[in-house]
Structures are given as structure tokens and as C-alpha cells.
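Number of protein chains: 2
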Amino acid sequence: EIVAAVEKLLSPSGALSGKHALVTAGPTHEPIDPVRYIANRSSGKQGYAIARAAADAGARVTLVSGPVDLPDPPGVNVVRVESAREMLAAVEKALPADIGIFAAAVADWRVAHAGEQKIKKIGDASSALSLIENPDILATLSHRKEGRPPLMVGFAAETEKVIENAQQKLLRKGCDLIVANDVSTATGVMGGDQNTVHLVSAAGVETWPTLSKTEVARKLVERLSDLAGAMPS
Amino acid sequence: EIVAAVEKLLSPSGALSGKHALVTAGPTHEPIDPVRYIANRSSGKQGYAIARAAADAGARVTLVSGPVDLPDPPGVNVVRVESAREMLAAVEKALPADIGIFAAAVADWRVAHAGEQKIKKIGDASSALSLIENPDILATLSHRKEGRPPLMVGFAAETEKVIENAQQKLLRKGCDLIVANDVSTATGVMGGDQNTVHLVSAAGVETWPTLSKTEVARKLVERLSDLAGAMPS
Numbered sequence: 011e012i013v014a015a016v017e018k019l020l021s022p023s024g025a026l027s028g029k030h031a032l033v034t035a036g037p038t039h040e041p042i043d044p045v046r047y048i049a050n051r052s053s054g055k056q057g058y059a060i061a062r063a064a065a066d067a068g069a070r071v072t073l074v075s076g077p078v079d080l081p082d083p084p085g086v087n088v089v090r091v092e093s094a095r096e097m098l099a100a101v102e103k104a105l106p107a108d109i110g111i112f113a114a115a116v117a118d119w120r121v122a123h124a125g126e127q128k129i130k131k132i133g134d135a136s137s138a139l140s141l142i143e144n145p146d147i148l149a150t151l152s153h154r155k156e157g158r159p160p161l162m163v164g165f166a167a168e169t170e171k172v173i174e175n176a177q178q179k180l181l182r183k184g185c186d187l188i189v190a191n192d193v194s195t196a197t198g199v200m201g202g203d204q205n206t207v208h209l210v211s212a213a214g215v216e217t218w219p220t221l222s223k224t225e226v227a228r229k230l231v232e233r234l235s236d237l238a239g240a241m242p243s
Numbered sequence: 011e012i013v014a015a016v017e018k019l020l021s022p023s024g025a026l027s028g029k030h031a032l033v034t035a036g037p038t039h040e041p042i043d044p045v046r047y048i049a050n051r052s053s054g055k056q057g058y059a060i061a062r063a064a065a066d067a068g069a070r071v072t073l074v075s076g077p078v079d080l081p082d083p084p085g086v087n088v089v090r091v092e093s094a095r096e097m098l099a100a101v102e103k104a105l106p107a108d109i110g111i112f113a114a115a116v117a118d119w120r121v122a123h124a125g126e127q128k129i130k131k132i133g134d135a136s137s138a139l140s141l142i143e144n145p146d147i148l149a150t151l152s153h154r155k156e157g158r159p160p161l162m163v164g165f166a167a168e169t170e171k172v173i174e175n176a177q178q179k180l181l182r183k184g185c186d187l188i189v190a191n192d193v194s195t196a197t198g199v200m201g202g203d204q205n206t207v208h209l210v211s212a213a214g215v216e217t218w219p220t221l222s223k224t225e226v227a228r229k230l231v232e233r234l235s236d237l238a239g240a241m242p243s
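Shown next, in the form of C-alpha cells:
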């Protein structure tokens, strides 16, 4: 026991060694025509910080990233995509994984028929903007019969009823943990360096103080390491 | 004459000294709700290169820029905006100007009623995406009775019938020159470092070879310096 404790102190970063962590980050871009698209304000900072923290904890990390302006975290395998459908394909290709952390702000909808030429008229634009549902990456993976990562973590970016929406999302998506945050413009979370999160699971709700996104990532990876420690490698 | 030629060789960069050049660059972002928006693939590189070239030529330069990931060009007064309406307001505030160069890819439309809360349902999103026309910055300034910059340059980003569309745009907008280019995905112009442009004016069409965006900027500023040389300061 003493040896184990000393080993943990000497190598606190090995808690996820031997594990494969699959992380998504950033927005998705959904094309309207060759030049226009629907986007969202996710900067990717929180997901990139998590990928880095997981790598620091010894995990092999695959980071599937939407379009962001961030450098690849060192030691992380980065796969860059644009749309939700490309993100789902890249995530499925990266399986199997021990932990799935889905921090990307995936567009819920895409344009039904993206134009092959630049749209010139407002009438054509209005009809071009008929929407269809995108695949739900978190729910798709959480509900897989085979190859479901044993620990599935989703994110909920809300602007109202943050915890209530996150609790509903936990049930609807079938994941093990939701990291919920308030992304109202006034909070400055989207694009900013700080985050105030609530961990929502079947066990209850835990609210963390406002921390840097790096600290949120480190604490989250610590928590996931504890949970993953009970899992077979 | 010899002295003038030597002066020009020694200070080829003074051709626009005493002039105020107003340049726009980048995309605009049109909000759908607090987290989602409509964007376009303009990187701002061509407009930033033009602002820099105009400053190198001795002009006082105001650069009104949409959201891009480019550093401020040295010696240029940069005003950052998000939406088309913010861009128009910033442009009008920067008047008077001797030359207006409108390289921004301004969104033609915006969402009629951007949501104050994050939209949860696809039905709500579809109705949220009813579009209305944005102000036309180039046409608004070109048709001003007072305070019209004497030399107005527009850009036309097309994916088909490039020159024909640019010629129509020249007439419709009331500007003096259109710089037209093909932004089909295959050309790699949007976001890339090269550009193949056509100069379309009442005098005719001039097609330049494929050049770096820096070279296009330098050649364009040279051409505008010649035209502006005939204007009173």
C-alpha cells in the first residue's frame, strides 16, 4: 500500500496509462452553399484542454476536432473535420475507446440541400435553409450494443435551466456523465478561458467553482481516472 | 523630370501619401441565437494584404474587419465588427475617405429574428431562419450624394459566370471598379494564399495571372494610385 501510494505520488500522470481516450472538440460547420455555412461560437478550448490533460495522465488520446484555431496538443492524435456527419464518421473510425468525452458543440441541424453554386437570391436562400436533424453523436455511441466506450461523457451548453436541461440530456442520450455549463453571452464561456461547470450523473449534481478551462480539464480527467480505475483495461 | 523619377525610385511607397483609404475585409457573422450564426469562408487575407499595401504606399488606412484570425497590419487603424450592420456603421463612421476598397464578404442576408435563448427544437430553428436582406454597404456608399469616396472599388466572389456577374454588379452597385474572382471550392481561393482576379470597369475587363494575394494587393494599390493621382487630395 505504501509502495502504491509512493508510485502514485511519483507518477501522478499515469492514471490513464493503457487507456484510449476519444475526445471531440470545437464547433461543426454545416454548409449552405460553396461559400456560406452555419457555425457556432465554440472555440474548442475546453475540449483541447481535456485532450491534453488526458494525454498528461498517460492515455492514448484521439481528438476529433471541428474547425478551430488552436495548435494540436502535444502527443495527441488530432483528426480534423468540418460537419457533424464527418465528425461521427471520424469518431466511429477511432473506436474502440475506453473513455469517450464529447465536448464538441455539434450542430443539431444541417441544411437539407446545400447548394452547389453560390446562392444569389434571398428567395433561393430561404428555401435552401430548410433544415434536417444531424446525427446525434453522443446518443449514437452511448446506445451502441457493441463497442460502446465503457465511460461516456457528454457536454451540455445551455443558456437557461442549465441543470434541468442537463439532467434530461443525461437520460435521453444514455451517457454516464454530463458536464453542463451556461454559455449565455454574458458569461463569456464561449471563446473565453474560464468555465463554471456542473457534473450531472445518476448520482446527483456537483457544482464546481469557476476555474480556468485547463483546471476544469485536469479535475475532470482526475475524476474520470478514478471511475476508469474500476474498469478492465 | 529626372528628380521626380529618382524620388519615385527612392520612395515608391509614397504614391498614396495624403490619402485616406477605407478597406473592408473578412466575413460577417449573422447571429441565429446566442451560440449559432451564419458565416462564410472569407479568411480576410486579400483585404488585409490590400490594407497593408495601401499603408506601404503612404495612405492613412482604416481597415473595418469582420471576424478573422489575422494580426493587425502594421500602421493600419483596425476596427473589428461582427455583422453586416455593424460593418456599415463602422464604415460610415470612418468617412470621409479618398478611396473605398470593399473586399469583405458581407452576408447578403441575416436572420429576421435572432433568438435570445439557444434554440432547442428543429421547428423553432426552421422558423428562426426566415431571412431578410442586409444593408448593401458597397451600393449604399457608391450611391451617396455627399461623402461618396471618389474612387469606389468592390469585390465579386462568384462560383459561376464570374465576369458576367461582375459586370452586372458594377452597374447595380454604382462603383468604379470590381475585382472579380472565382471562389469555387476547387480554386482554393477562399482561405488560400493565391488569387486569380479580373478587373472589371466601364473601360473593360483585364484579367491578371494567378498571383499571391500580397502581389494582387500591391498591383491593385499601384493601379488605384494611378487613378487617385488624378484626384484632388
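The listed protein sequences derive, respectively, from chains P and G.
Basically the working numbering = 1-based index in the first sequence + 10.
Basically the working numbering = 1-based index in the second sequence + 10.
Don't be surprised by glycine CBs; every beta carbon is placed ideally from N, CA and C.
The model shown is predicted, which means the values in this text are computed figures rather than measured ones.
Does DSSP classify Met97(G) as helix, strand or coil? For the purposes of this step, residue 97(G) is taken as residue 87 along the second sequence, with counting starting at 1. Correct three-state label for Met97(G): helix.
Within 10 angstroms of the Cβ of Glu168(P), are there 16 or more other Cβ atoms? Answer buried if so, exposed if not. Residue numbering aside, residue 168(P) sits at position 158 when the first sequence is read from its first letter. By the neighbour-count rule (16 or more Cβ atoms within 10 Å), Glu168(P) is buried.
Report the partner residues of Ala31(P) according to the DSSP bridge assignment. Working through the first sequence from its first residue, we reach residue 31(P) at position 21. BP columns for Ala31(P) point to Val71(P), Ile109(P).
If the cut is a Cβ gap below 7 Å, which residues of chain G does Ser194(P) touch? As a working mapping, residue 194(P) is identified with position 184 in the first sequence. Correct list: Pro44.
Could you have a look at Ser243(G) and say whether DSSP puts it in helix, strand or coil? Here residue 243(G) corresponds to residue number 233 of the second sequence, with the count starting at 1. At Ser243(G) the pLDDT is 49, less than 50, meaning the model places this residue with poor confidence; the figure from the coordinates comes in the next sentence. Correct three-state label for Ser243(G): coil.
Given Ala7(G), which residues of its chain have a CB within under 7 Å of its CB, disregarding the five upstream and five downstream residues? This structure cannot speak to residue 7(G), because chain G is shown only from 11 to 243.
Measuring only between beta-carbons, confirm whether Arg90(P) sits less than 9 Å from chain G. Taking the first residue of the first sequence as 1, we reach residue 90(P) at position 80. Not closer than 9 Å to any Cβ of chain G, the Cβ of Arg90(P) fails to qualify, so no.
With 7 Å as the C-beta to C-beta threshold (strictly closer), list the residues of the region 121-151 of chain P near chain G in chain order. Gln127, Lys128, Ile132, Ala135, Ser136, Leu139, Ser140, Leu141, Glu143
With Gly125(G) and Ala138(G) assumed to form a contact (beta carbons below 8 Å), what rounded beta-carbon distance in angstroms separates them? For the purposes of this step, residue 125(G) is identified with residue 115 of the second sequence, where counting begins at 1. For the purposes of this step, residue 138(G) is identified with residue 128 of the second sequence, where counting begins at 1. That belief holds up - the Cβ atoms of Gly125(G) and Ala138(G) are roughly 6 Å apart, short of 8 Å.
Cβ of Ser243(G) within 9 Å of any chain P Cβ: For this step, residue 243(G) is matched to residue 233 along the second sequence. Model confidence at Ser243(G) stands at a pLDDT of 49, short of 50, so the residue's coordinates are unreliable; what they give is reported in the following sentence. With 9 Å as the cut-off, Ser243(G) does not count as an interface residue toward chain P.
Determine the burial state of Leu73(P): buried for a count of at least 16 other Cβ atoms within 10 Å of its Cβ, exposed for fewer. For the purposes of this step, residue 73(P) is taken as the residue at position 63 of the first sequence. It counts as buried.
9 Å Cβ cutoff, Ala167(P) in contact with chain A: No chain A is present in this structure, whose protein chains are P and G.
Identify, in the order they occur along the chain, each residue of the same chain with its Cβ nearer than 7 Å to the Cβ of Ala238(G), setting aside the five sequence neighbours on each side. Translated into positions along the second sequence, residue 238(G) becomes position 228. Counting only Cβ-Cβ distances below 7 Å, and skipping sequence neighbours, we find Leu26, Lys29, Asp108, Ile109, Leu161.
Amino acids of chain P, ordered along the chain, whose beta-carbon sits closer than 9 Å to that of Met200(G): Your numbering for residue 200(G) matches position 190 in the second sequence. By Cβ distance, chain P contributes Pro44, Val45.
Assuming Leu148(G) and Val189(G) form a contact by the criterion Cβ under 8 Å, report the distance between their Cβ atoms to the nearest whole angstrom. Looking up residue 148(G) in the second sequence gives position 138. Looking up residue 189(G) in the second sequence gives position 179. In fact, because the Cβ distance is near 12 Å, the residues do not count as touching under 8 Å.
Chain-ordered chain P contacts of Ala79(G) [CB-CB under 8 Å]: Translated into the one-based positions of the second sequence, residue 79(G) becomes position 69. Note that residue 79(G) corresponds to Asp in the displayed sequence, not to Ala. Here the neighbours are Asp79.
Look at Ile60(P) and Ala213(P) and say whether their C-beta atoms are less than 9 Å apart. Translated into positions along the first sequence, residue 60(P) becomes position 50. Translated into positions along the first sequence, residue 213(P) becomes position 203. Cβ atoms of Ile60(P) and Ala213(P): not closer than 9 Å.
Based on the DSSP secondary-structure assignment, which residues constitute the bridge partners of Glu40(P)? What you label residue 40(P) is simply residue 30 of the first sequence in a count that begins at 1. BP columns for Glu40(P) point to Ile48(P).
How many Å lie between Gly133(P) and Ile48(P) at the Cα? Counting from 1 along the first sequence, the entry for residue 133(P) is found at position 123. Counting from 1 along the first sequence, the entry for residue 48(P) is found at position 38. The straight-line gap from Cα to Cα measures roughly 18 Å.
Does Ala117(P) get closer than 9 Å to chain G when you measure Cβ to Cβ? Within the first sequence, the letter at position 107 stands for residue 117(P). Closer than 9 Å to some Cβ of chain G, the Cβ of Ala117(P) qualifies, so yes.
My guess is that Val210(G) and Leu180(G) are in contact by the Cβ rule of under 8 Å, so how many angstroms apart are they, rounded? Working through the second sequence from its first residue, we reach residue 210(G) at position 200. Working through the second sequence from its first residue, we reach residue 180(G) at position 170. Correct: roughly 6 Å between the Cβ atoms.
Could you give the C-beta distance for Gly54(G) and Ala67(G), rounded to a whole number, given that I count them as a contact under 8 Å? On the second sequence, position 44 is the one that residue 54(G) refers to. On the second sequence, position 57 is the one that residue 67(G) refers to. Gly54(G) to Ala67(G), Cβ: 20 Å. No contact.
Between which two residues does the beta strand (DSSP E) harbouring Val189(P) extend? On the first sequence, position 179 is the one that residue 189(P) refers to. Looking at the DSSP string, the run of the beta strand (DSSP E) that includes Val189(P) is 187-192.
I need the boundaries of the beta strand (DSSP E) containing Ser211(P), first residue and last residue. As a position in the first sequence, residue 211(P) is number 201, starting the count at 1. Segment 207-211, the beta strand (DSSP E) holding Ser211(P).
Alpha carbon to alpha carbon, what distance is there between Val101(P) and Lys223(P)? For the purposes of this step, residue 223(P) is taken as the residue at position 213 of the first sequence. For the purposes of this step, residue 101(P) is taken as the residue at position 91 of the first sequence. So the two alpha carbons sit approximately 23 Å from each other.
Identify whether Asn87(G) lies in helix, strand or coil by the three-state DSSP scheme. Counting from 1 along the second sequence, the entry for residue 87(G) is found at position 77. Of the three classes helix, strand and coil, the one that applies to Asn87(G) here is strand, per DSSP.
First and last residue of the uninterrupted alpha helix (DSSP H) at Ile129(G): For the purposes of this step, residue 129(G) is taken as residue 119 along the second sequence, with counting starting at 1. Note, Ile129(G): premise wrong, no alpha helix (DSSP H); not H, not E.
Under the three-state reduction of DSSP, which class applies to Val116(G): helix, strand or coil? Working through the second sequence from its first residue, we reach residue 116(G) at position 106. Coil, per DSSP.
If we define contact as Cβ-Cβ less than 9 Å, is Ala49(P) a contact residue for chain G? Against the first sequence, residue 49(P) aligns to sequence position 39. True, the Cβ-Cβ gap to chain G drops below 9 Å.
Close Cβ partners of Pro159(P) (< 8 Å) along its chain, the five nearest in sequence each way excluded: Locating residue 159(P) in the first sequence gives position 149, counting from the first residue. Leu32, Leu105, Pro106, Ala107, Asp108, Ile109, Gly110, Leu151.
How about His208(G): is its C-beta nearer than 9 Å to some C-beta of chain P? Translated into the one-based positions of the second sequence, residue 208(G) becomes position 198. By this cut-off, His208(G) is not an interface position.
Residues bridged to Ile142(G) by DSSP? For the purposes of this step, residue 142(G) is taken as the residue at position 132 of the second sequence. In the DSSP output, where bridge partners are listed per residue, Ile142(G) has Arg120(G).
Should Glu170(G) be flagged as near chain P, meaning a C-beta pair shorter than 9 Å? Sequence index remark: in the second sequence, residue 170(G) carries index 160 (1-based). Output row for Glu170(G): interface = yes.
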